[in-house]
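Note sheet for the following structure.
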Amino acid sequence: MLCFYYLHQKVERGIGGVFEKYGRFIARHPWKIVVFIGIMNAALGVGLLKINPESGIDQYVPIGSTASKDQKKVESLFKINTTVNFYVQSLPDLGQFGEVIIELKNGDNILNISNWRHIIELNAYIQNTSIGDSAGNIYSFSDLCARSSGDCVVDGSFLLDKTFILDMNSRNITYPIYNLSSHQTIVLDRFIGNVDHLNGLIRHATALKLRFNLQSESFDLSRQWEKKFVERMALFENTDITVKYSYSDSLSVELSKNVTGDISVFSVTFTLMIVFACLALMGMNCVDNRYFLGLAGILSTCLAILASFGLVSACGITFVDIVGIMPFLILGIGVDNMFILLSGLADTNSAQDVETRIGKTIRTSGIAITITSITDIVAFCAGAASVFPSVRNFSWYTGCAVLFCYINYLTFYTGVMAINESRVTKQLHWFTCCKTKTHEALKAEGKSKMFVLFCGGAARQKREEVEGPIEKYPKVLLKKAVLSGPTRIVIIILFLGYLGVSAWGARNFREDLDLRNLVSSDSYHYKFYDTNLNYFSQSFFVSFYISSEIDYRQESNVLKIESLLKKAKGDKDIGSTFQLSWLNSYINSHEYDNSTKSNFTIGLKSFLALHGNIFVNDVTISGNSIVASRFHVLSTNLKTSSEQASLMVRMRDIAKSSVLPVFVFSPPFVFFEQYVQIVPQTIQTLAIAVSVVFLVTAIFMPLPVLILLVTVSVSMIMVGVIGLMQIWGLTLSSVTMIHIVMCVGFSVDFSAHICHAYAHVPGENRDARVSTALDLAGGPILNGALSSVIGIVVLAFSKSYIFFSFFKVMFIVVVVGAMHAIFLLPVLLSWIGPIYGTPETEPVNDKMKYSETDEEKQNELMNYKQNTIPRLSTASLRSLNKAS
Numbered sequence: 001m002l003c004f005y006y007l008h009q010k011v012e013r014g015i016g017g018v019f020e021k022y023g024r025f026i027a028r029h030p031w032k033i034v035v036f037i038g039i040m041n042a043a044l045g046v047g048l049l050k051i052n053p054e055s056g057i058d059q060y061v062p063i064g065s066t067a068s069k070d071q072k073k074v075e076s077l078f079k080i081n082t083t084v085n086f087y088v089q090s091l092p093d094l095g096q097f098g099e100v101i102i103e104l105k106n107g108d109n110i111l112n113i114s115n116w117r118h119i120i121e122l123n124a125y126i127q128n129t130s131i132g133d134s135a136g137n138i139y140s141f142s143d144l145c146a147r148s149s150g151d152c153v154v155d156g157s158f159l160l161d162k163t164f165i166l167d168m169n170s171r172n173i174t175y176p177i178y179n180l181s182s183h184q185t186i187v188l189d190r191f192i193g194n195v196d197h198l199n200g201l202i203r204h205a206t207a208l209k210l211r212f213n214l215q216s217e218s219f220d221l222s223r224q225w226e227k228k229f230v231e232r233m234a235l236f237e238n239t240d241i242t243v244k245y246s247y248s249d250s251l252s253v254e255l256s257k258n259v260t261g262d263i264s265v266f267s268v269t270f271t272l273m274i275v276f277a278c279l280a281l282m283g284m285n286c287v288d289n290r291y292f293l294g295l296a297g298i299l300s301t302c303l304a305i306l307a308s309f310g311l312v313s314a315c316g317i318t319f320v321d322i323v324g325i326m327p328f329l330i331l332g333i334g335v336d337n338m339f340i341l342l343s344g345l346a347d348t349n350s351a352q353d354v355e356t357r358i359g360k361t362i363r364t365s366g367i368a369i370t371i372t373s374i375t376d377i378v379a380f381c382a383g384a385a386s387v388f389p390s391v392r393n394f395s396w397y398t399g400c401a402v403l404f405c406y407i408n409y410l411t412f413y414t415g416v417m418a419i420n421e422s423r424v425t426k427q428l429h430w431f432t433c434c435k436t437k438t439h440e441a442l443k444a445e446g447k448s449k450m451f452v453l454f455c456g457g458a459a460r461q462k463r464e465e466v467e468g469p470i471e472k473y474p475k476v477l478l479k480k481a482v483l484s485g486p487t488r489i490v491i492i493i494l495f496l497g498y499l500g501v502s503a504w505g506a507r508n509f510r511e512d513l514d515l516r517n518l519v520s521s522d523s524y525h526y527k528f529y530d531t532n533l534n535y536f537s538q539s540f541f542v543s544f545y546i547s548s549e550i551d552y553r554q555e556s557n558v559l560k561i562e563s564l565l566k567k568a569k570g571d572k573d574i575g576s577t578f579q580l581s582w583l584n585s586y587i588n589s590h591e592y593d594n595s596t597k598s599n600f601t602i603g604l605k606s607f608l609a610l611h612g613n614i615f616v617n618d619v620t621i622s623g624n625s626i627v628a629s630r631f632h633v634l635s636t637n638l639k640t641s642s643e644q645a646s647l648m649v650r651m652r653d654i655a656k657s658s659v660l661p662v663f664v665f666s667p668p669f670v671f672f673e674q675y676v677q678i679v680p681q682t683i684q685t686l687a688i689a690v691s692v693v694f695l696v697t698a699i700f701m702p703l704p705v706l707i708l709l710v711t712v713s714v715s716m717i718m719v720g721v722i723g724l725m726q727i728w729g730l731t732l733s734s735v736t737m738i739h740i741v742m743c744v745g746f747s748v749d750f751s752a753h754i755c756h757a758y759a760h761v762p763g764e765n766r767d768a769r770v771s772t773a774l775d776l777a778g779g780p781i782l783n784g785a786l787s788s789v790i791g792i793v794v795l796a797f798s799k800s801y802i803f804f805s806f807f808k809v810m811f812i813v814v815v816v817g818a819m820h821a822i823f824l825l826p827v828l829l830s831w832i833g834p835i836y837g838t839p840e841t842e843p844v845n846d847k848m849k850y851s852e853t854d855e856e857k858q859n860e861l862m863n864y865k866q867n868t869i870p871r872l873s874t875a876s877l878r879s880l881n882k883a884s
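By full-length UniProt numbering, the letter at position 807 of the sequence shown is numbered 807, and the numbering carries on one by one without gaps.
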C-alpha cells in the first residue's frame with residue numbers, strides 16, 4: 001500500500017506543480033488574462049446570430065430507429081393521394097387534422113336527439129372555417145379536406161347519418177361494433193366516449209369525437225387552416241355543450257410555448273444567485289471583502305453560457321427546447337467552482353505575496369474543480385452520443401458550457417482573484433479603493449462605530465475572518481457529528497435506511513412519458529388530450545407490409561399470410577374481430593381470377609375500381625406484378641407506454657417469424673421507439689459516466705480507498721436519485737434521461753471535493769484529517785449546495801413538465817450529494833481513510849494559523865514528515881496497511 005502513497009506524491013508533484021506554475025503566470029498578468037478571456041467569450045457569443053431553434057415532440061423520438069426506417073420504406077412503396085383516396089389506416093404518418101370532443105355541460109347522456117342541433121351547428125361552424133393566401137385566394141375546409149369517393153373525410157361523420165340517428169332514438173346502437181350499413185362497420189369506442197352499455201347496446205355516453213382530416217398534398221395551406229381552426233374554436237360558445245379541441249401539431253406547439261415561457265424565469269434565478277453569492281461572501285472587513293469576487297463568479301458563469309451558446313449554435317447544432325434548463329444547471333456548477341477556489345485562497349498565508357498565494361490556490365482548488373469538471377464534461381460527451389435529439393443536443397450545449405465554465409474560472413476568475421488580492425495587500429477599501437486603516441487604528445482615533453464598521457479593515461490573519469456564516473458555523477456541528485462515536489453509528493444506520501428505500505424505488509422505476517405532462521395544464525391541448533385518454537379508445541392500426549413481389553395465387557402463400565394475421569390477432573393487445581385484407585376480400589369477390597398471373601392482376605384492378613376503394617392504397621401494382629401490399633389489424637385500447645412498446649416488439653417478432661418478406665409498421669411506432677431504447681441508452685450512459693468517475697479519480701487521487709469511496713458514493717447517489725425520482729412521481733423518459741445524465745456530473749462534485757481535501761491535508765490521525773478536510777471543503781460544499789437550490793427554486797412553480805421535473809431531480813441530487821459529502825464520507829474516512837503522509841505541499845492544519853512565519857510552517861511540516869513517513873517503513877507497516 002505504501003507504493004500508492006508514493007504514486008500519489010509523484011502525481012501531486014507533477015500535476016500540482018504544473019497547476020501552481022500556471023496560477024503564478026495568471027497572477028503575473030491578471031488584467032491581460034481578464035480582458036482577453038472576456039473578449040473571447042463575447043466574440044464566441046456572436047455565434048448566437050446563427051442559432052437554429054427547433055421545437056416539437058420529434059426531439060424526443062430516437063434518430064435512425066427501426067420505425068423511422070420502416071416509415072421511409074412505406075413512403076417509398078406506397079404513394080397515396082389524400083385528395084382522392086384518403087384512408088387513415090394507409091397513412092405513413094399521423095396526418096393533418098382538426099379534432100373536437102363534444103360534451104354536455106350538465107354531464108348528461110349526449111346520445112339524445114335534442115342535442116343533435118348543437119352538433120350540427122358545430123360541424124357547420126368548423127366546415128365554414130376558411131383561410132386566405134398571399135394571392136387573395138380563399139380556402140374553406142371543403143377545398144382542403146382529405147377526400148374519399150369524392151367526399152370530405154370526417155371521422156365520426158356517421159353520427160350525423162340518418163340511420164344512426166334513427167337507431168339512437170330507438171336505443172338500438174350496438175357496442176362496440178356498429179353496422180351503419182351492409183358495407184360500413186364502425187368501431188364505436190373511437191368516436192363515442194365514456195360508454196355505459198348493457199347486452200351489447202349503449203345505454204349512456206358522455207362524449208362524442210369528430211376529426212376533420214386535411215390534405216397532405218397542400219401541407220402549408222392545411223397547417224394554416226389548422227391554426228385558424230384553433231383560433232375559431234377558442235371563440236366558439238354554446239350554452240349547452242362544451243367543446244375541447246386540438247390539431248395535429250398542437251402538442252409540439254404547446255410544448256414549445258410552455259418551455260419558452262419558463263425560460264424567462266432565468267432572470268429571477270440570475271438575480272437570486274447574485275444576491276446569495278454576494279451576501280455569502282460579503283463581510284464587515286472593508287479591505288478583505290469578497291463582494292466583488294461573488295459578482296465576478298456569476299459573471300464568469302454567464303460568460304461561459306454565452307460562449308457555449310454561441311459556439312455550439314455556430315457549429316450548426318439545433319437549439320432544442322430542453323436546452324433552456326442548461327443555464328440553471330451551469331449557474332450551480334459555476335458557483336460551486338467559485339466557492340472551492342475561494343476556500344483554497346482563504347487557506348493561504350496572507351503574509352506571502354499574491355503570486356505565491358494564487359499559485360498554491362490553483363495547485364489545490366484548481367485540481368479539485370478539474371476533477372469535477374472533467375467528469376461533468378465526459379458525462380455529457382456520453383449523452384452527446386445518444387439517439388435522442390433532445391439528449392444529444394442538450395449534451396452538446398451543456399458539455400460545452402461546463403468546459404467554458406471551467407476555463408473561465410481558471411483564467412478570468414483567477415485573474416480577478418489576483419487583482420482583488422493585490423488590492424487587499426495594498427490595504428485598499430473594497431468599494432472606494434482608498435487607503436484604509438484597521439478597525440483598531442480607527443477606534444484609537446476616536447472614529448464613530450459606523451465609520452469604523454464601514455471604513456476600516458485589514459488583510460485577514462486566518463481563514464475564519466473571511467468565512468461567511470454558512471462556511472463558519474455549520475462545520476463546527478458537522479465535526480462533532482461525524483467525529484462522535486454514537487452519531488457515527490446513527491449516520492450509518494440512516495444511510496443504510498436511505499439506501500434501502502432508494503433501492504426499492506429504483507427497482508420500481510418505470511419507463512413512461514405521459515404526453516399530458518409536456519404541456520401546461522391550462523392549455524387547450526391538455527384538456528383535449530386528458531378527456532381523449534380517459535373517455536376514448538387509444539387503439540391504432542397495425543399494418544403488415546409484404547415489401548417485395550410474391551405469387552399471391554399460390555395457396556401456400558395465401559396460407560402464410562392468413563397464418564401471419566391469425567398470429568397477430570391472437571395477441572392479447574390486438575382485436576380479434578377486426579381485419580382489413582385485400583387478398584381475402586378479392587378471393588371472395590366475383591372479380592377473382594387466378595388462372596394466370598396476368599388475369600389475377602387484371603381481376604384485382606377491376607375489384608379495386610368497382611368496390612374495393614378501401615383497399616386501393618394497400619396494393620402497389622407495376623405491370624402485371626404486385627410489388628408490395630399490406631394488411632391491417634387493430635390494437636385494443638392501450639394507454640401506457642409499456643403496453644404500447646411491448647406490443648410493437650411482439651408484432652415485430654411475429655413478422656420476423658414469417659418466411660414472407662414482411663415487416664410491420666404503424667405511425668405511432670415512431671414515437672413508441674423511445675420506450676424501447678430509453679432503458680439501454682440510460683444504462684449505457686450511466687455506465688460510461690461512472691467509469692469515467694473511477695478513472696479520473698484514479699488519475700488525480702491514486703489512493704485505492706479514495707477511488708473506491710468516490711465511486712461507491714457516486715453509485716449510491718445515483719441509486720438514491722433514481723429511487724427518489726420514482727417516489728416523487730417521475731418516470732424514465734427521454735426528458736428525465738437528460739436529468740439523470742446531468743446528475744452523474746453533479747453527484748461526483750461534492751464527494752470528490754471532500755475526498756480531495758482529505759488527501760491533501762496533514763493530521764496526526766484520520767479524525768484530525770477529516771476535521772481539517774471539513775474546514776477546507778465543508779463550507780464550500782454547503783454554500784454550493786445552497787446556491788444550487790436557490791438557482792432552481794423558481795422552477796418549483798413552473799407549469800412545464802421539463803422544468804418542474806428538472807427542479808425535482810436537481811433538488812434530489814444536490815441534497816443527497818451534499819449529505820453524502822458532509823456526513824457519510826467523513827464518517828467512512830474517519831474509519832478507513834488513508835493514513836499516509838500528505839504530498840509535499842504546504843499543509844493546512846488547525847494548528848497552523850496565518851500569523852505563523854514560513855519558517856515555522858516548514859519546521860512543522862518537516863517534523864510531521866519525520867514523525868509520520870518513517871513509521872511506514874517499520875515492522876508495523878503490515879498491520880498499518882491492513883488497517884488502512
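The C-beta atom is built at its ideal place from N, Cα and C for all residues, glycine as well.
Residue range of the alpha helix (DSSP H) that includes residue i
i    : result
I173 : No alpha helix (DSSP H) holds I173; DSSP gives it neither H nor E.
D196 : Segment D196 to L198 is the beta strand (DSSP E) holding D196; no alpha helix (DSSP H) there.
L795 : First-last for L795: undefined, no H or E at that position.
Y498 : G485 to R507
K50  : Run containing K50: none; DSSP gives neither H nor E here.
I325 : Per DSSP, I325 belongs to no alpha helix (DSSP H) and is neither H nor E.
N123 : W116 to Q127
Burial state of residue i, where buried means 16 or more other Cβ atoms lie within 10 Å
i    : result
N128 : exposed
Q96  : buried
L7   : exposed
F19  : buried
N859 : Only weak support exists for where N859 lies, its pLDDT of 49 falling under 50; the coordinates are left without a value.
L861 : Its pLDDT being 44, under 50, L861 is placed unreliably by the model, and nothing is read from it.
S248 : buried
A307 : buried
D653 : exposed
L477 : exposed
Limits of the beta strand (DSSP E) - the one that residue i falls within
i    : result
G132 : S130 to G132
I626 : S625 to L634
F544 : F541 to I546
Spatial neighbours of residue i in its chain, beta-carbon cut-off 8 Å, leaving aside the 5 residues before and after
i    : result
G720 : Y498, L499, S502, I812 and V816
V378 : I688, A689, V692 and V696
L180 : F158, D161, T163, F164 and I186
Sequence-distant residues of its chain with Cβ nearer than 6 Å to residue i (five each side left out)
i    : result
P327 : F266 and I305
D93  : P667
Beta-carbon gap between residue i and residue j smaller than 7 Å
i    : j    : result
N337 : Y397 : no
T414 : I37  : no
G98  : Y535 : no
V466 : M737 : no
I274 : I298 : yes
S187 : F86  : In the sequence as displayed, the identity of residue 187 is Val instead of Ser. Their beta carbons are not under 7 Å apart, which means V187 does not touch F86 by this criterion.
V710 : S751 : yes
I792 : M819 : no
Contacts around residue i, its chain only, beta-carbon distance under 7 Å, and the 5 residues preceding and following it disregarded
i    : result
S365 : I340, L341, S343 and G344
R878 : Its pLDDT being 42, under 50, R878 is placed unreliably in this model, and the coordinates cannot settle the point.
Practice item. Pick out the complete beta strand (DSSP E) segments inside the segment 64-113, 3 residues or longer, and give them in chain order. Key: 96-104
Review point. Whole alpha helix (DSSP H) runs in the segment 697-764 with 4 or more residues, listed along the chain?
Key: 704-727 and 736-759
Point to revise | beta strand (DSSP E) runs wholly inside the segment 573-618, at least 3 long, in chain order | key: none
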